[in-house]
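S.K.: This is the structure I want to talk about, given as structure tokens.
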Amino acid sequence: MGPRRGVMTRSTSAAMNIGDQEPESPRREASPSERATILEDENSQLRETVVALEGKASFLESEISMLSSEMEDCRHVIQELAGAFGGDGIADMQREMEQMSIQIGLLQRAVSNAPVVVHDVGARLRIPEPKAYGGARDAKEVENFLFDMEQYFLAANMVDEARKASTATMYLMGDAKLWWCTKYAEIQANQVRLDTWDLLREAIRVQFFPENVEYNARRALRKLEHTGSMQDYVKSFSALMLDIHDMSEKDKLFTFMDGLKPWARIELQRQRVTDLGSAMTAAERLTNFASETRRDRQTAPSPAENKAGGAKSFRSNSNRGEGDRKAPRSDWFAGQFKQEQAPGEQTGGATEEQRVLPMRRPAQISGLPEETVAECAGDHY
Numbered sequence: 001m002g003p004r005r006g007v008m009t010r011s012t013s014a015a016m017n018i019g020d021q022e023p024e025s026p027r028r029e030a031s032p033s034e035r036a037t038i039l040e041d042e043n044s045q046l047r048e049t050v051v052a053l054e055g056k057a058s059f060l061e062s063e064i065s066m067l068s069s070e071m072e073d074c075r076h077v078i079q080e081l082a083g084a085f086g087g088d089g090i091a092d093m094q095r096e097m098e099q100m101s102i103q104i105g106l107l108q109r110a111v112s113n114a115p116v117v118v119h120d121v122g123a124r125l126r127i128p129e130p131k132a133y134g135g136a137r138d139a140k141e142v143e144n145f146l147f148d149m150e151q152y153f154l155a156a157n158m159v160d161e162a163r164k165a166s167t168a169t170m171y172l173m174g175d176a177k178l179w180w181c182t183k184y185a186e187i188q189a190n191q192v193r194l195d196t197w198d199l200l201r202e203a204i205r206v207q208f209f210p211e212n213v214e215y216n217a218r219r220a221l222r223k224l225e226h227t228g229s230m231q232d233y234v235k236s237f238s239a240l241m242l243d244i245h246d247m248s249e250k251d252k253l254f255t256f257m258d259g260l261k262p263w264a265r266i267e268l269q270r271q272r273v274t275d276l277g278s279a280m281t282a283a284e285r286l287t288n289f290a291s292e293t294r295r296d297r298q299t300a301p302s303p304a305e306n307k308a309g310g311a312k313s314f315r316s317n318s319n320r321g322e323g324d325r326k327a328p329r330s331d332w333f334a335g336q337f338k339q340e341q342a343p344g345e346q347t348g349g350a351t352e353e354q355r356v357l358p359m360r361r362p363a364q365i366s367g368l369p370e371e372t373v374a375e376c377a378g379d380h381y
């Protein structure tokens, strides 16, 4: 029944497709020569396959021989180790390995359950404590204290606001500590809240920060003038500018230049400074040579001090050709002749004749006979 059913199916499908497909052409049987050619081709292919398999077989044989030799070496090493340790040594090593595996498991379990802690390198550094605030109503001291506390909280990694507030109160002293005691009583009575750093900082500013700081600074800046040294003027101007926050750069430069002395102002204008920083730097490099010369004159020793100390006074060489003359006495002949003065000294009310005294004879000035003058003067001439 099965073959017949298959024959019927093939015949039925062939009948259904008879209109769509062309009838197959009958097969032509191969000739004996063609069959021989095909057999030769298949023979050559089989021969090549056999050659390839033989090559692989030889390679596998070499690998197997190498593995067998290595296994033999390993067997010898194991036998040597077993002989060195003995049976008890191997058993001990196995027990130690089991104990180590148990300890590793316990450590892994403990590490997985423990919280992760990040160790900061900065935590090992010693953080300097801020300076205590005593309650002075000074804007710079208040701002410096608040800024130091902010930096301390940042360095100590303090993020809790309540802890910041309680820590800051520990650095109050004097009037500031008394003020905090009053505020603490109000906190206990639920009258005020200062449990955060922001609230405490604002309360400190309200209590101790002066309100007229900028006004006083502007008044002092308007009166500031360059009367002393340049360094003192620059220092005073810089200190006042710290309390003034809304002044433009042009106004700062104008105010600084306006307070300078004329010679310093002219020099800075010649250098064409454009901002306050460069103006201050250029001003500090200036030197008042007039004041330096005046100071040198004040500190220089007088001619009388030079003579008292044994120093030789300078003698003009304008009298060359007339010979060396001794200086006349200052009190001889009733003050008719004045002491010879060194070059550069003040002549006071001396007359022209007295100023040229070393160049003239005494008789020509006094009108007396030369013999009389010689008797009074002795050996001066």
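For the sequence shown, full-length UniProt numbering assigns the number 1 to the initial residue and increments by one for each residue that follows. Where a beta carbon is used, it is the ideal one built from N, C-alpha and C, also for glycine.
Would you say glutamine 269 and alanine 282 are within 8 Å of each other, going by their C-beta atoms?
M.R.: Result no, Cβ atoms of glutamine 269 and alanine 282 do not sit closer than 8 Å.
S.K.: Classify glycine 174: buried if its beta carbon has 16 or more other beta carbons within 10 angstroms, exposed otherwise.
M.R.: That one is exposed.
S.K.: Give me the residue from Ser248, Ile127, Ala189 and Arg35 with the minimum Cα distance to alanine 156.
M.R.: Looking at the Cα atoms, Ile127 is the closest of the given residues.
S.K.: With a 10 Å radius around its C-beta and 16 neighbouring C-beta atoms as the bar for buried, classify tryptophan 197 as buried or exposed.
M.R.: Buried, by the Cβ-count rule.
S.K.: Note the first and the last residue of the continuous alpha helix (DSSP H) segment covering phenylalanine 237.
M.R.: Here the alpha helix (DSSP H) through phenylalanine 237 covers 230-241.
S.K.: Whole angstroms is fine: what's the gap from lysine 177's alpha carbon to serine 229's?
M.R.: Taking the straight line joining both Cα atoms gives about 41 Å.
S.K.: On the DSSP bridge assignment, give the partners of tyrosine 133 in chain order.
M.R.: Answer by DSSP bridge pairing, in chain order: Leu172.
S.K.: Taking DSSP as the reference, what is the three-state secondary structure of aspartate 160?
M.R.: If DSSP states are grouped into helix, strand and coil, aspartate 160 belongs with coil.
S.K.: For my contact list, leucine 194 and alanine 168 are in at a C-beta cut-off of 8 Å; report their separation, rounded to the angstrom.
M.R.: Actually they do not touch by this definition, with Cβ atoms about 10 Å apart.
S.K.: Cα separation between glutamate 249 and threonine 255?
M.R.: Between glutamate 249 and threonine 255, the C-alpha separation is close to 10 Å.
S.K.: Which same chain residues, not among the five before or five after valine 234, have their C-beta less than 7 Å away from its C-beta?
M.R.: If we look at valine 234 and ignore the five residues flanking it on each side, its Cβ neighbours are Met280, Ala283 and Glu284.
S.K.: Which same chain residues, not among the five before or five after arginine 137, have their C-beta less than 6 Å away from its C-beta?
M.R.: Same-chain partners within the cutoff: Phe208 and Pro210.
S.K.: Tyrosine 171 and proline 130: beta carbons closer than 8 Å?
M.R.: Yes. Within cutoff.
S.K.: Using only alpha-carbon positions, find the residue among Glu161, Leu240, Phe153 and Asp258 that is nearest to alanine 139.
M.R.: Ranking the options by Cα distance to alanine 139, first place goes to Leu240.
S.K.: Would serine 93 be called buried (16 or more neighbouring beta carbons within 10 Å of its own) or exposed?
M.R.: With the sequence shown as reference, residue 93 is identified as methionine, and serine is not the correct amino acid for it. Counting Cβ neighbours within 10 Å, methionine 93 comes out exposed, since fewer than 16 surround it.
S.K.: Name the two residues that bound the continuous alpha helix (DSSP H) containing lysine 140.
M.R.: Its alpha helix (DSSP H) spans residues 139-155.
S.K.: Which term fits isoleucine 204, buried or exposed, when burial requires 16 or more other beta carbons within 10 angstroms of its beta carbon?
M.R.: Buried, by the Cβ-count rule.
S.K.: Consult DSSP for leucine 200 and reduce its assignment to one of helix, strand or coil.
M.R.: In the structure shown, leucine 200 sits in a helix (DSSP, three-state: H, G or I).
S.K.: Should tryptophan 263 go down as buried or exposed, given a rule of 16 or more other Cβ atoms within 10 Å for buried?
M.R.: That one is exposed.
S.K.: If I measure Cβ to Cβ from histidine 245 and keep anything under 8 Å in the same chain, skipping five residues before and after, which residues do I get?
M.R.: Around histidine 245: Glu214.
S.K.: Quick check on glutamate 63 - is its C-beta less than 8 Å from some C-beta in chain B?
M.R.: Considering every chain present, this structure includes no chain B. It has just one protein chain.
S.K.: Find the nearest neighbour of leucine 253 within the set Val111, Leu106 and Leu221, judged by alpha-carbon distance.
M.R.: Considering only alpha carbons, the answer is Leu221.
S.K.: From glutamate 61 to isoleucine 38, what does the alpha carbon distance come to, in whole angstroms?
M.R.: Looking at the two C-alpha atoms, the distance is approximately 35 Å.
S.K.: Quick check on DSSP: helix, strand or coil for glutamine 191?
M.R.: Here glutamine 191 sits in coil by DSSP.
S.K.: Please work out which residues of its chain come closer than 6 Å, Cβ to Cβ, to valine 142, disregarding the five sequence neighbours upstream and downstream, and give them in chain order.
M.R.: For valine 142, where only same-chain residues beyond five positions count, the Cβ hits under 6 Å are Phe208 and Phe209.
S.K.: By Cβ distance, which residues of its chain are closer than 8 Å to isoleucine 64, with the 5 residues on each side in sequence left out?
M.R.: Correct list: empty, nothing qualifies.
S.K.: For tyrosine 152, which residues of its own chain have a beta-carbon under 6 Å away from its beta-carbon, when the five flanking residues on both sides are left out?
M.R.: These residues qualify, in order along the chain: Pro130.
S.K.: Let me know the secondary structure DSSP gives methionine 247 once reduced to three states.
M.R.: Methionine 247 falls in the coil class under three-state DSSP.
S.K.: Do aspartate 243 and alanine 217 have their C-beta atoms within less than 8 Å of each other?
M.R.: Yes, the pair counts as a contact, with Cβ atoms nearer than the cut-off.
S.K.: Does DSSP put arginine 47 in a helix, a strand or coil?
M.R.: In the structure shown, arginine 47 sits in a helix (DSSP, three-state: H, G or I).
S.K.: For histidine 226, which residues in the same chain have their Cβ closer than 7 Å to its Cβ, ignoring the five residues on either side in sequence?
M.R.: Only Tyr233, Gly259, Leu260, Lys261 and Ala264 meet the Cβ criterion.
S.K.: In three-state terms, what does DSSP make of glycine 259?
M.R.: Note: glycine 259 maps to coil in three-state DSSP.
S.K.: I need the DSSP call for alanine 30, collapsed to helix, strand or coil.
M.R.: Reduced to three states, the DSSP call for alanine 30 is coil.
S.K.: Just to confirm the assignment, what range does the alpha helix (DSSP H) spanning leucine 221 have?
M.R.: From DSSP, the alpha helix (DSSP H) with leucine 221 extends over 213-223.
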